[in-house]
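Everything on this sheet refers to the single structure shown next.
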Amino acid sequence: MQLDRIVNFHKTIGDKTRIRIITLLKQGPLHGQAIAGKLGLKPPTISHHLAKLKEIDIVYQRRDKNTIYFYLNEDKLERTALAITRLGGKEMLGNFDVTDQEKANVIKNFVDSKGRIEALPAQRKKKLIILEYMIRGLNHGETYKEKEINEYIMHYHEDYATVRRELVMNHFMFRQNGIYELNPIEMWPV
1 MQLDRIVNFH
11 KTIGDKTRIR
21 IITLLKQGPL
31 HGQAIAGKLG
41 LKPPTISHHL
51 AKLKEIDIVY
61 QRRDKNTIYF
71 YLNEDKLERT
81 ALAITRLGGK
91 EMLGNFDVTD
101 QEKANVIKNF
111 VDSKGRIEAL
121 PAQRKKKLII
131 LEYMIRGLNH
141 GETYKEKEIN
151 EYIMHYHEDY
161 ATVRRELVMN
171 HFMFRQNGIY
181 ELNPIEMWPV
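The sequence shown begins at 1 in the UniProt record's numbering and counts up by one.
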């Protein structure tokens, strides 16, 4: 579940050494020995903290000949750090203060008489309404295999891969190891 990821992120990041490592990596990539030297710690200690940061995808590594450099995944850091603010303030996810009448109008314009969507709207506001419409038949607390989600989406739209990706990217659903689960409604952008 998405909430578990947010909690795990904050538990992992809640360490002075890890925050110092993040601060150093914001200035550019470094190898483990350089980080250890700058922080006055032993390399195994740095390796431990880097492994924890890699687990939550905040740090990644690249090899240059015999040296491994560590990079900060700034986009992931920012998105995950802000995730907690989305729980109570949907404006971070793009809530456009949509009325029920506006939702009904968008659904009427994009959904045919059989309940299918011919094309996803290009406008974000309308796309979010259509995505929410599509997942109304899924149950909170249940997990779904990717094949099940694909079959479910096919009832509404033929491009199940795009819709599935949009559902995850827009925080309607959480995906881990090919298993999908609805996020709490408070995390939905509409």
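Using N, Cα and C, we set each Cβ at its ideal position, and we do this for glycine too. These numbers were taken from a predicted model, which means no experiment stands behind them.
Check: Going along the chain, which residues of its own chain have a beta-carbon closer than 8 Å to the beta-carbon of Leu39, five neighbours each way excluded?
Finding: The residue labelled residue 39 in the question sits at position 39 within the sequence shown. Thr17, Arg20, Ile21, Leu24, Ile46.
Check: For residue 191, which residues from the same chain have a beta carbon less than 7 Å from its beta carbon, with the 5 sequence-adjacent residues on both sides left out?
Finding: Within the shown structure, residues of the chain are numbered from 1 to 190, placing residue 191 beyond reach of any answer.
Notebook entry, point to check: Taking the Cβ atom as the reference point for each residue, do Glu186 and Thr143 lie within a distance shorter than 8 Å?
Noted result: By 1-based counting over the sequence shown, the position of residue 186 is 186. By 1-based counting over the sequence shown, the position of residue 143 is 143. For Glu186 and Thr143, no; Cβs fall outside 8 Å.
Note to self: Given a cut-off of 8 Å on the beta-carbon distance, is the pair His155 and Val163 in contact?
What the structure shows: Stepping through the sequence shown from its first residue, residue 155 is reached at position 155. Stepping through the sequence shown from its first residue, residue 163 is reached at position 163. Taking C-beta atoms as the reference points, His155 and Val163 fail to come closer than 8 Å.
Item checked: Cα-Cα separation between Tyr160 and Ile179, rounded to whole angstroms -> Sequence index remark: in the sequence shown, residue 160 carries index 160 (1-based). Sequence index remark: in the sequence shown, residue 179 carries index 179 (1-based). Pairing Tyr160 with Ile179, the inter-Cα distance amounts to about 15 Å.
Next item on the list: Using only alpha-carbon positions, find the residue among Ala36, Asp75, Lys76, Gln101 that is nearest to Tyr69.
Entry: Against the sequence shown, residue 69 aligns to sequence position 69. Among Ala36, Asp75, Lys76, Gln101, the Cα nearest to that of Tyr69 is on Ala36.
Notebook entry, point to check: Where does Lys42 sit, in a helix, a strand or coil, going by DSSP?
Noted result: Position 42 of the sequence shown, counting from 1, holds the residue named residue 42. Assignment of Lys42 by DSSP, reduced to helix, strand and coil, places it in the coil class.
Margin query: Which residues does DSSP list as the beta-bridge partners of Met173?
Written below: Walking along the sequence shown from the start, residue 173 turns up at place 173. For Met173, DSSP records a beta bridge to Leu182.
Next item on the list: Tell me whether Leu120 sits in a helix, a strand or coil according to DSSP, three-state version.
Entry: Start at 1 with the first residue of the sequence shown, and residue 120 comes out as number 120. DSSP places Leu120 in coil when its eight states are reduced to three.
Notebook entry, point to check: Is the segment 125 to 143 touching the segment 105 to 114 in the sense that three or more CB pairs, one from each, lie closer than 8 Å?
Noted result: Three or more Cβ pairs drawn from the segment 105 to 114 and the segment 125 to 143 lie within less than 8 Å of each other, which places the two stretches in contact.
Next item on the list: Put Tyr152 into one of helix, strand or coil per three-state DSSP.
Entry: What you label residue 152 is simply residue 152 of the sequence shown in a count that begins at 1. In the three-state reduction of the DSSP assignment, Tyr152 falls in the helix class.
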